[in-house]
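Numbering (our numbering), first residue to last: 432 to 592.
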């Protein structure tokens with residue numbers, strides 16, 4: 432199957448402090464052949480583009496995408512907020528393109544687009560394996576953990592520091 436887009440440039444940047452990665456891809460969607468429907472070709476191109484941009488990311492990563500027209504960089508880039516990788520599909524990117532095209536920005540589907548994908552690695556697991564209650568009463572757990580309140584004579588007593 433032939434690619435429906437052409438990649439001109441790719442650059443990646445690491446943000447170690449935030450455990451994030453930014454990948455900037457400059458792409459141009461290829462025009463449809465004469466026999467195909469332009470709308471279905473455009474949707475399929477967006478699906479292929481989103482699959483390509485997200486292929487090396489883990490399923491638990493949070494992904495944010497911005498798209499900007501390369502020809503007219505005076506316009507602000509439009510984007511989608513961070514969401515899980517599995518929630519980013521071609522339809523989501525299509526809604527982004529729709530808001531982009533309905534603004535006062537100049538947009539042509541065959542222009543070169545700058546697509547920036549920011550991904551943040553989210554920890555997978557159940558957090559810190561700390562103190563477990565193991566059937567201990569609440570008064571004992573209040574001494575072991577600072578965030579647990581103690582109940583005495585039907586009154587809630589906050590732990591002392």
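Note that the Cβ used here is the ideal one computed from N, Cα and C, for glycine as well.
According to DSSP, residue 486 shares a beta bridge with no other residue. Excluding its 5 nearest sequence neighbours in each direction, residue 475 has C-beta neighbours in its own chain below 7 Å: 435, listed in chain order. Per DSSP, the unbroken beta strand (DSSP E) holding residue 451 starts and ends at 451-460.
Taking a contact as a CB-CB distance under 8 Å, the pair residue 514 and residue 542 does not count as one, their CB atoms being some 26 Å apart. Look at residue 497 here: in three-state DSSP terms it is strand. In chain order, 457, 499 and 501 place their CB closer than 6 Å to the CB of residue 545, counting only its own chain and leaving out the 5 sequence neighbours on each side. Counting only residues of its own chain and dropping the five nearest sequence neighbours on each side, residue 481 has a CB closer than 7 Å to the CB of 519, 520, 521 and 524. When the Cα atoms are used, residue 452 and residue 437 turn out to be separated by approximately 22 Å.
Assignment of residue 507 by DSSP, reduced to helix, strand and coil, places it in the coil class. Its chain contains 510, 511, 512, 513 and 549 as the residues whose beta carbon lies nearer than 7 Å to that of residue 495, once the 5 sequence neighbours on both sides are disregarded; these appear in chain order.
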